[in-house]
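For the sequence shown, our numbering gives the first residue as 792, with consecutive numbering after it.
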Amino acid sequence: MSQPLAAPDRDRTRRARLAVGVVFTLHGSVSGSFATRLPWLKDQLDLSTAALGLALAFPAVGAALAMPLASSLMHRFGARAAVRALLALWTCSLTLPALAPNMPVLCLALFAFGATAGMADVAMNAQGVEVEQRFGRSIMSGLHGLWSVGALLGSAVGVGAVHAGLDARVHLPLVALLLTVAVPLACRSLLDTRPAPDEEPPPRFALPPRSALLIGAVGMCAILAEGASMDWSGIYLRDITDASETIAAASFTAFACTMALARLAGDAAVRRMGAVRTVRFSGVLAVTGGLLIVTARNPVQGTAGFALLGIGIAVVVPLAFAAAGRSGPNPSQAIAGVATVTYTTGLIAPTLMGMIGDLASLRASFAVVTAGVAVFGLAAGVLGTGSRGGAPVASDRSAADDGRRVAG
792 MSQPLAAPDR
802 DRTRRARLAV
812 GVVFTLHGSV
822 SGSFATRLPW
832 LKDQLDLSTA
842 ALGLALAFPA
852 VGAALAMPLA
862 SSLMHRFGAR
872 AAVRALLALW
882 TCSLTLPALA
892 PNMPVLCLAL
902 FAFGATAGMA
912 DVAMNAQGVE
922 VEQRFGRSIM
932 SGLHGLWSVG
942 ALLGSAVGVG
952 AVHAGLDARV
962 HLPLVALLLT
972 VAVPLACRSL
982 LDTRPAPDEE
992 PPPRFALPPR
1002 SALLIGAVGM
1012 CAILAEGASM
1022 DWSGIYLRDI
1032 TDASETIAAA
1042 SFTAFACTMA
1052 LARLAGDAAV
1062 RRMGAVRTVR
1072 FSGVLAVTGG
1082 LLIVTARNPV
1092 QGTAGFALLG
1102 IGIAVVVPLA
1112 FAAAGRSGPN
1122 PSQAIAGVAT
1132 VTYTTGLIAP
1142 TLMGMIGDLA
1152 SLRASFAVVT
1162 AGVAVFGLAA
1172 GVLGTGSRGG
1182 APVASDRSAA
1192 DDGRRVAG
């Protein structure tokens, strides 16, 4: 993607930074709202646990298949219009699962739900990378932290709706309406990045570019740990350390909160140490957390391990998206490639953990996770692609100078 037609000054870039932060928060709010109504969906459609698990694979499948389309839409309509349209489709799609009358329709609804989520995810990450490069400092970790904040806000509203006895067919459409109305306001100050006149459009469907594969592999290791912890942390503590149901449930809360806080604080670490050294240090923390989990004999050690693992993996995926945006001539296509790799990993991670757990034990499953986070620490150098010394972006002064040099 080329520089926009009108070179933004520092004030415009700050407004764009605020706008893309709101976009990430809105995106996360949809996920948080949906998660709170899964028990309602299971009861409403009288689904078994296995049937619900099968249905929940469809969002990831839809996302993985639709993500490559996002770069084509951004090329054709411009970055701001693409983010606005795709985010609005994502917020509107929140109503679809609640209206499904049976399992087949639910699967179709969740496929569309995931497809719009994935395309919006690619578009907003591409916008985040562009704003970061203009701003001259790392912001991607904080943006993903705001996504986590949005998810927590959406889940809080959802818990209130459940407590009040509000039917999901009322709750989710109301939330969807409010979020959709907010989309145009949030997107008003985004950068309207457009391709150069001689730039060829990307293919509608394509394999991830080679430059994105190694970066995606680093993100894949972090997503493996995230997916495993989200789905299996409570079961691990209950079955391996004899934790109570309350403490087992609290393990995910500890993991999610430490990951969100680390993402919000991660940009400061990246500015100080650079992306590569930050991820290497994160790898040390994540491996330490993994070892605590694997060797846990009591709930306290296990919970501490999951909390530390959350801190260790927090910044890896945001920095993988940032590195993808600098890795080749078509940032949106590279970001789509990284997103496809990571989403696919998120799809298979819970199943992989369960298979290893059945064949060996849950300790063996998290030993695999620990090995995976060690890999991203060792391979952190690929996140320095397109930057000097692994720094994520140029300095403040150079970024400002570059902006002034762009022709109007």
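Note that beta-carbon positions come from the ideal geometry of N, C-alpha and C, so glycine has one too.
Comparing alpha carbon positions, the residue from Ala848, Gly951 and His935 closest to valine 813 is His935.
Residue Ala854 holds the alpha-carbon nearest to the alpha-carbon of valine 913 among Ala854, Leu885 and Ala900.
Annotation for aspartate 912: the continuous alpha helix (DSSP H) segment containing it runs 894-926. Around the beta carbon of serine 946, 16 or more other beta carbons sit within 10 angstroms, so the residue counts as buried. In terms of CA proximity to glycine 1010, Ile1126 leads the group Gly905, Phe1097, Ile1026 and Ile1126. Spanning the alpha carbons of leucine 847 and glutamine 1092 requires a straight line of approximately 31 Å.
Taken in chain order, the complete alpha helix (DSSP H) segments of 4 or more residues contained in the segment 1086-1173 are 1090-1104, 1107-1116, 1122-1150 and 1153-1169.
Counting along the chain, leucine 976 sits inside the alpha helix (DSSP H) bounded by residues 959-978.
In the DSSP assignment, alanine 889 falls within the unbroken alpha helix (DSSP H) covering 887-890. Glycine 844 has its alpha-carbon roughly 29 Å from the corresponding atom of leucine 1083. By alpha-carbon distance to leucine 880, the top candidate from Gly1116, Ala903 and Thr1131 is Ala903.
Straight-line spacing of the CA atoms in valine 1067 and leucine 957 works out to 47 Å.
The beta carbon of tyrosine 1027 lies closer than 6 Å to those of Leu1153 in the same chain, with the five residues before and after it left out. If one requires a minimum length of 4 residues, the alpha helix (DSSP H) runs lying completely within the segment 836-892 are 840-846, 849-868, 870-883 and 887-890, in chain order.
Pairing isoleucine 1014 with threonine 1136, the inter-Cα distance amounts to about 7 Å. In the structure shown, arginine 828 adopts coil according to DSSP, grouped into three states. The C-alpha of methionine 1064 lies about 27 Å from the C-alpha of threonine 816. Looking at the backbone, the Cα of alanine 1151 and that of valine 1085 are separated by about 13 Å. Annotation for glycine 1175: no alpha helix (DSSP H) segment contains it, and DSSP assigns it neither H nor E.
A direct Cα-to-Cα measurement between arginine 803 and alanine 1059 gives close to 22 Å.
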